Amino acid sequence: MNDSVMTPTIVAGTDRPGSALNQLNNPFGIFVDVNFDLYVADCLNNRVQLFRLGQSIGITVAGNGSPNPTIPLLCPTRIVLDAQKYLFIVDYGNDRIVGSGPNGFRCLVGCHGLLSQSHQ
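Residue numbers (the working numbering): 44 to 163.
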């Protein structure tokens, strides 16, 4: 990131699609936080991956393969991290926006189901 020559560097993924923690499959959106950690919306793996600065192995923070219970995702395409480090994810395949909070992930917009009052 401090390269004055602007040398291209692969910071996430490999030259082949896949589902291993160092691979991506049709990545869409990215977000880089103040620590230069990279969040990737990994569409066809139905997950959001976090690649810490200098690390090539990702951590699944939401969706398929997350070590902690999160929320099912179907082709996430965009992500934003706010100042409190809460994630907001465009869950394209489920036509909704989900977010993290102190009690885990929840649907924010486009929510469907028995507990929904409306189709926001």
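Just so it is clear, CB atoms sit at the ideal spot from N, CA and C, and this is done for glycine as well. Please read all numbers here as calculations on a predicted model, not as lab measurements.
Per DSSP, aspartate 134 is one residue of the beta strand (DSSP E) stretching across 130–134. DSSP, reduced to helix, strand and coil, places cysteine 150 within a strand of the structure shown. Annotation for glycine 108: Arg90 place their beta carbon closer than 7 Å to its own, counting only its chain and skipping 5 residues before and after. DSSP, read as helix, strand or coil, puts leucine 64 in coil. Rounded to the nearest angstrom, the gap between the Cα atoms of leucine 93 and proline 119 is 14 Å.
The beta carbons of glycine 101 and leucine 64 sit about 5 Å from each other, so the pair counts as a contact at 8 Å. For phenylalanine 131 and threonine 50, the gap between their C-alpha atoms comes out near 31 Å. The secondary-structure analysis by DSSP pairs threonine 103 across a beta bridge with Gln92. Within the DSSP bridge table, the entry for aspartate 85 names Pro70, Arg90 as partners. Within the DSSP bridge table, the entry for isoleucine 122 names Ile132 as partners.
Boundaries of the beta strand (DSSP E) harbouring arginine 139: 139–144, taken from the DSSP string. Residue Ala126 holds the alpha-carbon nearest to the alpha-carbon of glycine 144 among Arg95, Tyr135, Ala126, Ser47.
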